[in-house]
Amino acid sequence: MAGPADYSGNVASVIELLAGPGQVVEIRALAENATHSGYFTDYAALAQFAGALDADPAVHGIYVTLNRVNPSLLSRRANRIKMRLTRTDSTTADAEIIRRRWFPVDIDPVRPSGVSSTDAEHEAALAMAGRVADWLGALGFPEPVRADSGNGAHLMYRIDLPNDPASLALVKRGLAVLDAIFSDGTATVDAANSNAGRIWKLYGTVARKGDNTKERPHRRSRILSVPDRLDTVSGALLEKLGSALPSGEEQARPVSGTSIELGRWLAGHGIKVRSEKPFCGGTLYTLAQCPFSSAHKDGAYAIQFANGAIHAGCHHATCGSGKQRWQELREQCETKEERQKHREERLLAGKRDRVRAKAGDGGTVPLAPEYPREFALTDAGNAERLIALHGDSVRYCASFGAWYLWNGKCWERDAAGRMLIIATTVARSIHCEAAEAPTADRSRALSRWAILSESLHARKAMIDSAAPHCPVLPGEFDARPDLFNCRNGTLELSTMSFREHRREDMLTRMAAVDYDCTAACPRWLEHLDLIFGSDADYLAGFQSMCGYTLLGTNPQQIMFILYGRGRNGKSKTIEVLARIFADYAVNIASDSLMAKRFETTRSDLARLAGARFATAAEGAEGARMDESIIKQITGEYAITVRKLYENEFEFTPVAKIWMTTNHEPVIPGTDDGIWRRLWMVPFSVQIPEEKCDPDIAAKLLAESAGILNWCLAGLERYYANGHRLVQPRKVSQATVNLRTVSDTVGLFLGTECTFEAGASLSRSAFREMFEKWCAEEGVRRVPSGKRVADALRERNVRDGGKSHGERFWSGIRWKNGDELTELEKAGGFQDVLSGVL
Numbered sequence: 000m001a002g003p004a005d006y007s008g009n010v011a012s013v014i015e016l017l018a019g020p021g022q023v024v025e026i027r028a029l030a031e032n033a034t035h036s037g038y039f040t041d042y043a044a045l046a047q048f049a050g051a052l053d054a055d056p057a058v059h060g061i062y063v064t065l066n067r068v069n070p071s072l073l074s075r076r077a078n079r080i081k082m083r084l085t086r087t088d089s090t091t092a093d094a095e096i097i098r099r100r101w102f103p104v105d106i107d108p109v110r111p112s113g114v115s116s117t118d119a120e121h122e123a124a125l126a127m128a129g130r131v132a133d134w135l136g137a138l139g140f141p142e143p144v145r146a147d148s149g150n151g152a153h154l155m156y157r158i159d160l161p162n163d164p165a166s167l168a169l170v171k172r173g174l175a176v177l178d179a180i181f182s183d184g185t186a187t188v189d190a191a192n193s194n195a196g197r198i199w200k201l202y203g204t205v206a207r208k209g210d211n212t213k214e215r216p217h218r219r220s221r222i223l224s225v226p227d228r229l230d231t232v233s234g235a236l237l238e239k240l241g242s243a244l245p246s247g248e249e250q251a252r253p254v255s256g257t258s259i260e261l262g263r264w265l266a267g268h269g270i271k272v273r274s275e276k277p278f279c280g281g282t283l284y285t286l287a288q289c290p291f292s293s294a295h296k297d298g299a300y301a302i303q304f305a306n307g308a309i310h311a312g313c314h315h316a317t318c319g320s321g322k323q324r325w326q327e328l329r330e331q332c333e334t335k336e337e338r339q340k341h342r343e344e345r346l347l348a349g350k351r352d353r354v355r356a357k358a359g360d361g362g363t364v365p366l367a368p369e370y371p372r373e374f375a376l377t378d379a380g381n382a383e384r385l386i387a388l389h390g391d392s393v394r395y396c397a398s399f400g401a402w403y404l405w406n407g408k409c410w411e412r413d414a415a416g417r418m419l420i421i422a423t424t425v426a427r428s429i430h431c432e433a434a435e436a437p438t439a440d441r442s443r444a445l446s447r448w449a450i451l452s453e454s455l456h457a458r459k460a461m462i463d464s465a466a467p468h469c470p471v472l473p474g475e476f477d478a479r480p481d482l483f484n485c486r487n488g489t490l491e492l493s494t495m496s497f498r499e500h501r502r503e504d505m506l507t508r509m510a511a512v513d514y515d516c517t518a519a520c521p522r523w524l525e526h527l528d529l530i531f532g533s534d535a536d537y538l539a540g541f542q543s544m545c546g547y548t549l550l551g552t553n554p555q556q557i558m559f560i561l562y563g564r565g566r567n568g569k570s571k572t573i574e575v576l577a578r579i580f581a582d583y584a585v586n587i588a589s590d591s592l593m594a595k596r597f598e599t600t601r602s603d604l605a606r607l608a609g610a611r612f613a614t615a616a617e618g619a620e621g622a623r624m625d626e627s628i629i630k631q632i633t634g635e636y637a638i639t640v641r642k643l644y645e646n647e648f649e650f651t652p653v654a655k656i657w658m659t660t661n662h663e664p665v666i667p668g669t670d671d672g673i674w675r676r677l678w679m680v681p682f683s684v685q686i687p688e689e690k691c692d693p694d695i696a697a698k699l700l701a702e703s704a705g706i707l708n709w710c711l712a713g714l715e716r717y718y719a720n721g722h723r724l725v726q727p728r729k730v731s732q733a734t735v736n737l738r739t740v741s742d743t744v745g746l747f748l749g750t751e752c753t754f755e756a757g758a759s760l761s762r763s764a765f766r767e768m769f770e771k772w773c774a775e776e777g778v779r780r781v782p783s784g785k786r787v788a789d790a791l792r793e794r795n796v797r798d799g800g801k802s803h804g805e806r807f808w809s810g811i812r813w814k815n816g817d818e819l820t821e822l823e824k825a826g827g828f829q830d831v832l833s834g835v836l
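Residue numbers (numbering that gives the first Met the number 0): 0 to 836.
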């Protein structure tokens, strides 16, 4: 078996191992705000370029394609590296892989994103890799290539499969099984490595995540061992791996007659659980000790699917190879009394099913609540019935005066009166109680009460009485800022992991997109390249801004102002993003951000509660922005608002405001308290008429999943930059210029005055000249004397006393003729905003 010494410092040998001789390989280096890439058949040249890239501390990691690449791709960048790819440069896509060569197992330690692993975390991943390899070996897998990724561990199994949907399903299912069995609180098997175009760490290069510290050092990746004979894993063996856990088809079959909650059952019977995780819509429990055999300790598990079905088994080949052993486990652990109780439950469930069928109501009558008590024949009793049947799926918010219903994906406000339908099903369930009543008198009373309970008055009373039993406060909704809800599941932004929807997340919002980690967005990239004039720095910055907007926080307290004079793509771009964000996006009237002579209720600010992406179209030209409102809604402090006809409530604004305008916004303040919040985003490219596409929004929305991935990449850049959003050069310049133009006093001082110790100016002469200058420059609102005095004192200009009845400013004088001439030659005190646009 070859060891690390055989590949240490020999990148060319590593490439030959990974790709085989004479193949086309793409090398891709991910750097800060840049990607470098090239295609090689000359492995020695590739090794030289890799060494140069690896020496650059700005390069975070160097990767290569893992599977066999279409040879035609060599012509993209033949045996050379292109630094800083543009949006028009292509890298290897999944469809450009002609054959799968590896089954890749990537084991990462659990740690914060954007940082290297500690030594303990690193060792935990390597230890898990050993357990995975041993288990796969027992399943019949050959010895893999073992490697250290720098932060975690890799196992690579040789395969030879076509790049087709069937192979994708095999690889995806196999990784999902390993993830379900082995991932725990210390390390995880990455189940997302199934796409054919996946890039892989180039062994021998340094993994740089975050800063290189003693606790979390940068490490060089390396091959640990290569078997003397690298056997190929067959498709049949991958299928065997995929069948090691039930596929989830069991959860599709209806289950009746069981009230077992598996987690409680295991604890109640002394069966210790090593880990618990979501699986196929249910929960998978990894057992600390196999209850089926004393010959081994690990390998046993139990799964409860969403419908209540349970599967228990052990992965070891000598212990059933994952076959169903739940009944055996019950017989081993349950007492005779417990088994009798469960038999009675099944019989009772059958009786209920027959009653429901007899009711002939299309299956709308729910099963009777399994409560060890009799409900009263009153409105309060009916409310208790409703909670017993539907309490986990309904909530009442008194602040909003509204019911919220769990629809399987999020908590949806009941605007259509569906609670009345639920109350109807509850009323009809009383017939089931009548069928099971212990006496004929009780049965008759229940039947009469069931009929009375279906009246509109009785159903409304039931609903009103149930409200205090399931209360929720506004602040409980959408409380986790790291969750982003999609149509097919929920993204945990802090770990970039994707999972099923959960009631307990209390999410009321959902984006109009299915998450697909493989989706691309070529038309979107082409659109952005056009409207940003192929400015890579600007594009990368805008991507980070969009990624930052995904978060349910606004730690930098930013508001974006998109500025440009029409036909520049800004409105369509924001429209597409807002439609993808869907429930997370709101539109507010620009008037709500503007100063008003007479203060009125700004009820539309209440719509910002829970929103992350807030759009505002331009207001009237010359309207002044209300600095106090801007500071409130970007400040991450609780504010009190009220929707029309509803109660007041508090919430903390987290929405990032994206305001689009054709006019320069008027911002009278000059302090950092307002200007550190405002980012001026100029749109200076005017799109030619022949390139204007009236259907561009619809075409871009077809790439919604890819655009979400693009935003997530921007968020990862924000994380990698120490959770700090950096202004692109053009944004920084435009913001500084607008601040200069908005600071009337500062612009006058820079144009007409010089600060000099010992110099002085008459206050009346200064005021006269200032007012004359404002009139010539078209300043509509001349700053007050107090504001002028404050601006002078900020610049260390002091009161110069009084002489001959005239008051003076000390430390300032008028510019002389030479200074004015020099300023004019330099192009003026400061480029105005139009100079950027």
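In this text, a Cβ means the ideal position worked out from N, Cα and C, and glycines have one as well.
Alpha carbon to alpha carbon, what distance is there between residue j and residue i?
i: K771; j: G540; result: 41 Å
i: V10; j: S496; result: 32 Å
i: G474; j: M505; result: 10 Å
i: R427; j: F102; result: 55 Å
i: Q732; j: R501; result: 44 Å
i: A416; j: R479; result: First, the residue type needs correcting, since residue 416 is Gly and not Ala in the sequence shown. Going by the C-alpha atoms only, they are around 28 Å apart.
i: A840; j: A616; result: A question about residue 840 goes unanswered here, because the residues of the chain that appear run from 0 up to 836.
i: E818; j: V744; result: 19 Å
i: R221; j: N150; result: 11 Å
i: A434; j: Y636; result: 56 Å
i: L72; j: V23; result: 8 Å
i: E844; j: L445; result: Only positions 0 to 836 of the chain appear in this structure, which leaves residue 844 out of reach.
i: P253; j: E95; result: Model confidence at P253 stands at a pLDDT of 44, short of 50, so the residue's coordinates are unreliable; what they give is reported in the following sentence. Distance between the alpha carbons of P253 and E95 is about 43 Å.
i: T489; j: H153; result: 27 Å
Between residue i and residue j, which are expected to be in contact by the criterion C-beta below 8 Å, what is the C-beta distance as a whole number of angstroms?
i: V188; j: D178; result: 4 Å
i: V109; j: G209; result: Not confirmed; about 15 Å, so no contact.
i: A301; j: A311; result: 4 Å
i: I421; j: H389; result: 6 Å
i: A712; j: K655; result: Contact doesn't hold; Cβ gap of about 18 Å is too wide.
i: F769; j: R794; result: 14 Å between Cβ atoms; not a contact.
i: A175; j: H315; result: Not a contact, Cβ separation roughly 20 Å.
Within this structure, are the beta carbons of residue i and residue j separated by less than 8 Å?
i: V585; j: R606; result: yes
i: G19; j: A92; result: no
i: F807; j: R762; result: yes
i: S464; j: D481; result: no
i: G400; j: D477; result: no
i: L16; j: V63; result: no
i: I573; j: L592; result: no
i: R172; j: G241; result: yes
i: L167; j: S193; result: yes
i: A696; j: K571; result: yes
i: A33; j: I61; result: no
i: V425; j: R384; result: yes
i: V68; j: E122; result: no
i: A299; j: L286; result: yes
i: V653; j: N553; result: yes
Need the endpoints of the alpha helix (DSSP H) that residue i sits in, please.
i: T231; result: Per DSSP, T231 belongs to no alpha helix (DSSP H) and is neither H nor E.
i: K459; result: 455–465
i: A436; result: That residue, A436, is in no alpha helix (DSSP H); it is neither H nor E in DSSP.
i: S543; result: 535–548
Going by DSSP, what residue range makes up the beta strand (DSSP E) through residue i?
i: A838; result: The chain is shown from 0 up to 836; residue 838 falls before or after that span and cannot be answered.
i: I106; result: 96–108
i: F497; result: 496–498
i: Y514; result: Counting along the chain, Y514 falls outside any beta strand (DSSP E), and DSSP gives it neither H nor E.
Exercise. Going along the chain, which unbroken runs of the alpha helix (DSSP H) with 4 or more residues stay wholly within the stretch 655–717?
Worked result: Counting only runs of 4 or more, we get 671–674, 695–700.
For this session: Write down every uninterrupted run of the beta strand (DSSP E) in the stretch 550–631 whose length is 3 residues or greater and which is fully enclosed by it, in chain order.
Result: Whole beta strand (DSSP E) segments, 3+ residues: 558–562, 584–586, 612–616.
For this session: Return the chain-ordered ranges of every beta strand (DSSP E) run that is complete within the stretch 737–774 and spans a minimum of 3 residues.
Result: As far as the stretch 737–774 is concerned, its whole beta strand (DSSP E) runs of at least 3 residues are 752–761.
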